[in-house]
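> Have a look at this one.
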Amino acid sequence: MKLPPPEKPLKFLRWFCREDYLEEIEGDLVELFEQDLDRSPRLARRAFAWRVLKYLRPGFIRSFHSRPLAPTAMLKHNLLVTLRSFQRYKASFLINLIGLTAGLACALVLYLWIQDELHIDRFHANDARLYQVLQHSDEQGNITTGTGTAGILARAITAELPEVEQAITVVPAQWFSEKGILTVGDTRLRLGGQYAAPNYFQVFTCPLVAGDPTKALTDKYSILLSETTAQRLFGTTEDLLGKAVEWKVGLSTGLFHITGIFEDVPPASSNPFDVMLSVDVFLDDHPWLREWGNSDPNTFVVVRPGADIDALNSKLTQLLQRNLKDSRHALSLQRYADRYLHGRYENGVPAGGRILYVQLFSVIAVFLVGIACINFMNLSTARASRRMKEVGIKKAIGAARSALVVQYLQESLLMAFLSLSIAVVAVWVLLPSVNDLTGKTLLLTWDMDLVLPAVGITLLTGLLAGSYPALYLSGFRPALVLKGKPVAPTGGLLARRGLVVFQFVISMILIVTVLVVYRQMDYIQSRNLGYNRDHVVMFELEITNQPTEEFLAEGGTFEHNVEAFLQEIRQIPGVIQVANSAHNITGYHGRLGGIDWREGEDDNEMMFSNLEVGYDFIQTLDIPVVEGKPFLRDSGAGRRGVILNQAAIDRMGLTDPVGKTLRLWGQEKEIVGVVENFHFTSLYEKVEPLVMQLEPRGTTMMIRLRAGEERETLARLETLYHRHMAGLTFDYRFLDDTYQALYAAEQRIATLSRYFAGIAILISCLGLFGLAAFTAERREKEIGIRKILGSGDARIVWLLSADFAQMVLIAVIVAIPVSYVAARQWLSGFAYSTSLDWWLFAGAGVLALLVALLTVALQTIRAARVNPVQSLTKE
8 MKLPPPEKPL KFLRWFCRED YLEEIEGDLV ELFEQDLDRS PRLARRAFAW RVLKYLRPGF
68 IRSFHSRPLA PTAMLKHNLL VTLRSFQRYK ASFLINLIGL TAGLACALVL YLWIQDELHI
128 DRFHANDARL YQVLQHSDEQ GNITTGTGTA GILARAITAE LPEVEQAITV VPAQWFSEKG
188 ILTVGDTRLR LGGQYAAPNY FQVFTCPLVA GDPTKALTDK YSILLSETTA QRLFGTTEDL
248 LGKAVEWKVG LSTGLFHITG IFEDVPPASS NPFDVMLSVD VFLDDHPWLR EWGNSDPNTF
308 VVVRPGADID ALNSKLTQLL QRNLKDSRHA LSLQRYADRY LHGRYENGVP AGGRILYVQL
368 FSVIAVFLVG IACINFMNLS TARASRRMKE VGIKKAIGAA RSALVVQYLQ ESLLMAFLSL
428 SIAVVAVWVL LPSVNDLTGK TLLLTWDMDL VLPAVGITLL TGLLAGSYPA LYLSGFRPAL
488 VLKGKPVAPT GGLLARRGLV VFQFVISMIL IVTVLVVYRQ MDYIQSRNLG YNRDHVVMFE
548 LEITNQPTEE FLAEGGTFEH NVEAFLQEIR QIPGVIQVAN SAHNITGYHG RLGGIDWREG
608 EDDNEMMFSN LEVGYDFIQT LDIPVVEGKP FLRDSGAGRR GVILNQAAID RMGLTDPVGK
668 TLRLWGQEKE IVGVVENFHF TSLYEKVEPL VMQLEPRGTT MMIRLRAGEE RETLARLETL
728 YHRHMAGLTF DYRFLDDTYQ ALYAAEQRIA TLSRYFAGIA ILISCLGLFG LAAFTAERRE
788 KEIGIRKILG SGDARIVWLL SADFAQMVLI AVIVAIPVSY VAARQWLSGF AYSTSLDWWL
848 FAGAGVLALL VALLTVALQT IRAARVNPVQ SLTKE
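So this is what it looks like as C-alpha cells:
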C-alpha cells in the first residue's frame, strides 16, 4: 500500500492556491510524489513540501479580500517608515544589524554542527531496532562498562533468544592500533579493515555496487573493498570479483579473493573502514576470544518489533551467567545510534559523552541570538522618545494599538531577515575554515532540513526582538505625548538594566567556560603521565613476505628478525633508546580476566588491562620501577614473567609481590617487577590494574630521539626502513601527538568556545556602546550645565559610566555561582582534572568589567570633552 502525500503541505496548498489551478497542480504533485516514493519515502515527503512552496507565487495565490490580514497601503506605509527609520538612525541600525547578523551566523553554524552530530549512525535501515551489546563488570563494587564481548555471544543469542531477529559479531577497524596493508602487485595501501559475520548486510546498511550481499562474507577468505579503495588499486570498480589481493594487519596476513565492492562508508558513520573481511579470520588468529571468559569483539543485535528491552537485558545476563559460572559480568543493550553521543558510563549507567557538547552548543546558540535580540530591545526602547510624537499622532487620527504593534514587528522582522541574508553569505564564506576547525564536512545545502529551521529561527528572532518594543511604544497615551509630558514608565528603564545584566551574565559564563576548558587542556598537556612522551617516535614494522606459522612462532625466525632490526636502530646516531610493543600505549589494549593469585581461591573476576611489550619498553619510556626489575634479556623468567602496576598490587592486596606466582588462564606466571601507575588511557578514566606481558615479536617500534637532532635521525630511520621494507611509506608519528589526539574533540570544543565567547562579548559590547551613546546624547545639556558649574572631565565620565559599571558588577555576582556549578559539572567527567581556584572567577569578572568600561568610555570621554556652549545652544 502506497503512502499518501504529507497532510500539512497538502492542506497548505489547498488553502492558498487558486481554485482554477488547484486540481491540475495537486494532480501533478501527487504523481511526482508517487514516483519519488520508489526511491525514498523520506525524500519524497521533503520534495513534495518543497514543490508546494514553489507555487507560493502571486500568480497562483487566491484572493483573500474576504479576510484581509492588513491593508496593502498600510503595509507599504509601514515599510516606508521602517526604511526611513533605518536611514535616519544609522548608528542604531548598524549596531542591530551587526549584532543580529553575528548571532544568526553563529546559530546557523552551530545548527549545522549539531545536526551533523545528531545524525551520526542514524542512516541504517534498522536504526530503530539496532542495538549494541555492552558488558558491565563488577570489580569490588566498581562497575566498568565496555563494548568488548565474547566472540561466540552472537551465535548464542541467535540460538537462545527469540526476541532477537539478527545477531552479529563485528571487530571494527578502530580495534587495531594501526591500519593494515592491502597489496596488489607493486601497489600497497594502508587501510582500515573491519571483520564481520556473513549476516552483516542484513543488520547494517552498506549497499554493494558489485557482489551478492547474502554470500559476500560466507567464504572465510573473502574480502570486500570500498569504491574508493577499488579505484585506488585497480582504477575501476568493474569486473573485480574473484581477483586476489594480499591483506596484512599485525602478525595476520594472507591471500583473499574479492567478493564485493561496497559504497564508501558515509561521513555520518562513527565506524569508517575501507575493507571488510570474515570475522572467522580474526577469531582463528585469536582463538581465545571464542571462550566465554574473554572479550574483545563487538556484538550487535536487531530486535524484533515490540521487543521488551528491559526483559531482554535480563535474559542476556542470564545467558552469560549460564555459560560463565559465578560471573560478576552483566550484559545490556544500548541503541547503536545512541552510542556516539552517549559513550561514557559511571557504574554501568550512561553519564554523558558528546551529548554534553551538543547541549552546550545548543545553549550557546540560543544565548547568542538572545543577546542580539536584547540589543534590539534595549536600543528600540531607549530611543522611544524620538518616536513618541509619531505614535501620538497616529493614535490621535485613529490608528489602533494592534496596527502599531504590527508596524514595529514588521520593522524587527525586516531587520531579522536582512541580517539572515548577510549571515548566510558570511557562513558560506567561512564554512571551509569551520570545517578545518571542526574536522567535519558541513554543507550549506538549501533543503527543507535547513531552510525551514533557518526561517523559523529568524521569525522567532524578529518576533522576540520586536515584541517588547512594539508593546512598549504602542502603549503611549496620545494626549500626554502631544502635550509634551513625560510618558516613559520607570519599568522601561528597569527592564533595560535587567536585560543588560542578563547579557553580561551570559558573557561572564562564557568567559569562565573558555578559561576552565583552556586550563583543563593545559593540565592534560602538562600532567605527569608516569612516563616520558617527549621525543619518542613510533612506526610499524611490516611483514613483507607470506609468513608461515613456524616463521611467526615464539622464538622463531620473525622474533629474531625483529631483534636484529632493533639492533640496527640502536646503531643509528641520534637514537637514545629503542623498544617494541604489540600495543599502542595510548590506544586500546584489551582487558583480560582469569588471573588467580591466592592459593585455593578463584580470583578471576578481577579484570586487568593488558599491555604486551618487548624488552627495553619500560626503559625507553622512563617508567619508574617501584620493585623488582623491568623485562631483561638475561632474566630466567622470560615469557613467564609479568610486571604489574601499583593499582593492580593495591587491588590484589599483595605485599612483597616480586617473586610471587600467579596463574593466568591456568599458566603460572612470576611477578618480576612493579611499576608506578602511569596513564595508558585518557584522563577521563582512572588508572586501572595493569598486567604487562613480554612479547618480543611486537611490531610497533618506539624510539627515543636525542633532542635537537630529530630531523637528521628521522632521515636515517627512513633509509633503514626502506632498506628492509621497499615500496612502503615510512609513516611515523610522535608519541606526544598520539597522546594529544585523545583530546582532539576537547581541543576543537575549546577553540570553538573561544570564538563564540568572543562573539558574545562583542555583541554585548555593541549594545552597551549604543546605550552609552544614547545616554550621552540624552544628557548632553545636563553635561554642559555641570561643566559650566565646574565639573571636570573625569567626574563627567564617572557620572555617565557608574550605572553601566553597576550593571556589569551585578552580572558578575550572578554569574560566578552559575559558572562555578557548570565548570564543576564538566570537570567531573575527568578522573583527573584541574582545580577551580577563586582567582579564575575573579579574573573573568575583572575582564568583563574592564571590557564593559572600555566600551562605555569610548562614548563618555567624547561626551565629557564637548564644549558646553555647543551643548547648551544646540536645539
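Heads up: the sequence shown begins at 8 in the numbering used here, then just goes up one per residue. Built from N, CA and C at the ideal position, the CB exists for glycine as well.
1) Tell whether a beta-carbon distance below 7 Å holds between Val59 and Leu104.
2) Return the CA-CA distance between Phe811 and Ile795, expressed in angstroms with no decimal places.
3) Between the alpha carbons of Ser642 and Tyr622, how many angstroms are there, rounded?
4) Provide the residue span of the beta strand (DSSP E) that contains Gly635, from first to last.
5) Name the residue from Ser835, Lys222, Asn591, Thr758 whose alpha carbon lies nearest to the alpha carbon of Phe368.
6) How would you write the range of the beta strand (DSSP E) that Arg670 sits in, first residue to last?
7) Which residue marks the beginning of the alpha helix (DSSP H) containing Ile336, and which one marks its end?
8) Per DSSP, what are the beta-bridge partners of Met545 in this structure?
9) Helix, strand or coil: how does DSSP classify Gln62 here?
10) Reducing DSSP to helix, strand and coil, say where Leu119 ends up.
11) Taking Cβ to Cβ, would you say Ile583 is nearer than 7 Å to Arg713?
12) Using the beta-carbon count (16 or more within 10 Å), is Trp295 buried or exposed?
13) Using 8 Å for Cβ pairs, my map puts Met384 next to Ala472. What's the rounded Cβ distance?
14) Quick one: which unbroken beta strand (DSSP E) runs of 3-plus residues sit fully inside the stretch 198-231? Chain order, please.
15) For Glu753, which of Thr244, Val436, Thr445 has the nearest alpha-carbon?
16) Does the separation of the CB atoms of Lys517 and Leu847 fall below 7 Å?
17) Less than 7 Å between the beta carbons of Ile230 and Phe263, yes or no?
18) Taking only runs that begin and end inside the stretch 408-456, name each unbroken alpha helix (DSSP H) of 4 or more residues, in chain order.
19) I'd like to know whether the C-beta atoms of Arg577 and Val585 end up nearer to each other than 7 Å.
20) What residue from Pro220, Val863, Ser259, Glu170 has the CA that sits closest to Ala314's CA?
21) Would you identify the three-state DSSP class for Thr497, choosing helix, strand or coil?
22) Which stretch, first to last residue, makes up the alpha helix (DSSP H) that contains Val286?
23) Could you tell me the boundaries of the alpha helix (DSSP H) in which Thr236 lies?
24) From the DSSP output, which residues share a beta bridge with His264?
25) Note the first and the last residue of the continuous alpha helix (DSSP H) segment covering Ala132.
26) Sorted by chain position, which residues of the same chain lie with C-beta nearer than 8 Å to Val858's C-beta, five sequence neighbours on each side aside?
27) Taking the straight line between their C-alpha atoms, what separation do you get for Leu749 and Leu86?
28) Tell me where the alpha helix (DSSP H) around Lys676 begins and ends.
29) Give the C-beta separation of His686 and Leu536 to the nearest angstrom, bearing in mind that I take them to be a contact with Cβ-Cβ under 8 Å.
30) Check whether chain D comes within 7 Å of Leu36, counting only Cβ atoms and requiring the distance to be less than that.
31) Between Gly734 and Arg195, how many whole angstroms is the CB-CB distance? I'm expecting something under 8 Å.
32) Are Glu270 and Glu245 touching if we call contact CB-CB under 7 Å?
33) Checking 7 Å against the spacing of the C-beta atoms, do Leu697 and Asn652 come in under that value?
34) Between Lys636 and Asp663, what straight-line distance do the alpha-carbon atoms span, to the nearest angstrom?
35) Which residues does DSSP list as the beta-bridge partners of Val356?
36) State buried or exposed for Thr867, treating a residue as buried only when at least 16 other CB atoms are found within 10 Å of its CB.
Once the coordinates are examined:
1) Looking up residue 59 in the sequence shown gives position 52. Looking up residue 104 in the sequence shown gives position 97. No, Cβ-Cβ distance for Val59 and Leu104 is not below 7 Å.
2) Residue mapping note: residue 811 aligns to position 804 of the sequence shown, counting from 1. Residue mapping note: residue 795 aligns to position 788 of the sequence shown, counting from 1. Distance between the alpha carbons of Phe811 and Ile795: 25 Å.
3) Indexing the sequence shown from 1 puts residue 642 at position 635. Indexing the sequence shown from 1 puts residue 622 at position 615. Their backbone Cα atoms lie some 11 Å apart in a straight line.
4) Locating residue 635 in the sequence shown gives position 628, where the first residue counts as 1. Counting along the chain, the beta strand (DSSP E) containing Gly635 begins and ends at 632-635.
5) Within the sequence shown, the letter at position 361 stands for residue 368. Of Ser835, Lys222, Asn591, Thr758, the residue nearest in Cα terms is Thr758.
6) In the sequence shown, counting from the first residue as 1, residue 670 sits at position 663. Counting along the chain, the beta strand (DSSP E) containing Arg670 begins and ends at 668-671.
7) Within the sequence shown, the letter at position 329 stands for residue 336. For the sequence presented, residue 336 should be read as His rather than Ile. Run containing His336: none in the alpha helix (DSSP H); it sits in the beta strand (DSSP E), 336-342.
8) Numbered from its first residue, the sequence shown carries residue 545 at position 538. Answer is Met709, Arg740.
9) Residue 62 sits at position 55 when you count from the first residue of the sequence shown. Reading off the sequence, residue 62 comes out as Tyr, not Gln. Three-state DSSP puts Tyr62 in coil, outside helix and strand.
10) For the purposes of this step, residue 119 is taken as residue 112 along the sequence shown, with counting starting at 1. In the structure shown, Leu119 sits in a helix (DSSP, three-state: H, G or I).
11) Looking up residue 583 in the sequence shown gives position 576. Looking up residue 713 in the sequence shown gives position 706. Cβ atoms of Ile583 and Arg713: closer than 7 Å.
12) By 1-based counting over the sequence shown, the position of residue 295 is 288. By the neighbour-count rule (16 or more Cβ atoms within 10 Å), Trp295 is not buried but exposed.
13) Sequence index remark: in the sequence shown, residue 384 carries index 377 (1-based). Sequence index remark: in the sequence shown, residue 472 carries index 465 (1-based). Rounded to the nearest angstrom, the Cβ distance from Met384 to Ala472 is 6 Å, consistent with a contact under 8 Å.
14) Contiguous beta strand (DSSP E) elements confined to the stretch 198-231 occur at 200-203, 215-217, taking only those with 3 or more residues.
15) As a first step, residue 753 must be located in the sequence shown, where it is residue number 746. Comparing Cα positions, the closest option is Thr445.
16) Counted from its first residue, the sequence shown places residue 517 at position 510. Counted from its first residue, the sequence shown places residue 847 at position 840. Strictly speaking, residue 517 in this sequence is Leu, with Lys absent from that position. No. Outside cutoff.
17) Residue mapping note: residue 230 aligns to position 223 of the sequence shown, counting from 1. Residue mapping note: residue 263 aligns to position 256 of the sequence shown, counting from 1. Their beta carbons are under 7 Å apart, which means Ile230 touches Phe263 by this criterion.
18) 408-445
19) To locate residue 577, count along the sequence shown from 1; it is residue 570. To locate residue 585, count along the sequence shown from 1; it is residue 578. Result yes, Cβ atoms of Arg577 and Val585 sit closer than 7 Å.
20) Sequence index remark: in the sequence shown, residue 314 carries index 307 (1-based). Residue Glu170 is the option with its Cα nearest to Ala314.
21) In the sequence shown, residue 497 corresponds to position 490, counting from 1. With a pLDDT of only 47 at Thr497, under the threshold of 50, the placement of this residue in the model should not be trusted; the figure read from the coordinates follows. Correct three-state label for Thr497: helix.
22) Counted from its first residue, the sequence shown places residue 286 at position 279. Unbroken alpha helix (DSSP H) run through Val286: 286-292.
23) Counting from 1 along the sequence shown, the entry for residue 236 is found at position 229. Looking at the DSSP string, the run of the alpha helix (DSSP H) that includes Thr236 is 234-241.
24) Numbered from its first residue, the sequence shown carries residue 264 at position 257. Per DSSP, Ser229, Ala251.
25) Counted from its first residue, the sequence shown places residue 132 at position 125. Neither: Ala132 is in no alpha helix (DSSP H) and is coded neither H nor E.
26) Translated into positions along the sequence shown, residue 858 becomes position 851. So the list reads Ile768, Cys772, once near-sequence residues are dropped.
27) Along the sequence shown, one-based indexing puts residue 749 at 742. Along the sequence shown, one-based indexing puts residue 86 at 79. C-alpha separation (whole angstroms): 55 Å.
28) Walking along the sequence shown from the start, residue 676 turns up at place 669. Unbroken run through Lys676 is the beta strand (DSSP E), 674-682; no alpha helix (DSSP H).
29) Numbered from its first residue, the sequence shown carries residue 686 at position 679. Numbered from its first residue, the sequence shown carries residue 536 at position 529. His686 to Leu536, Cβ: 4 Å. Contact.
30) Protein chains in the displayed structure number just one, and chain D is not present.
31) On the sequence shown, position 727 is the one that residue 734 refers to. On the sequence shown, position 188 is the one that residue 195 refers to. Rounded, the Cβ-Cβ distance is 6 Å, consistent with contact.
32) The residue labelled residue 270 in the question sits at position 263 within the sequence shown. The residue labelled residue 245 in the question sits at position 238 within the sequence shown. Contact flag unset, no.
33) Numbered from 1 along the sequence shown, position 690 holds the residue referred to as residue 697. Numbered from 1 along the sequence shown, position 645 holds the residue referred to as residue 652. Between Leu697 and Asn652, the CB-CB gap stays under 7 Å.
34) Along the sequence shown, one-based indexing puts residue 636 at 629. Along the sequence shown, one-based indexing puts residue 663 at 656. Roughly 13 Å between the two C-alpha positions.
35) Here residue 356 refers to the residue found at position 349 of the sequence shown. BP columns for Val356 point to Glu353.
36) Along the sequence shown, one-based indexing puts residue 867 at 860. Counting Cβ neighbours within 10 Å, Thr867 comes out buried, since at least 16 surround it.
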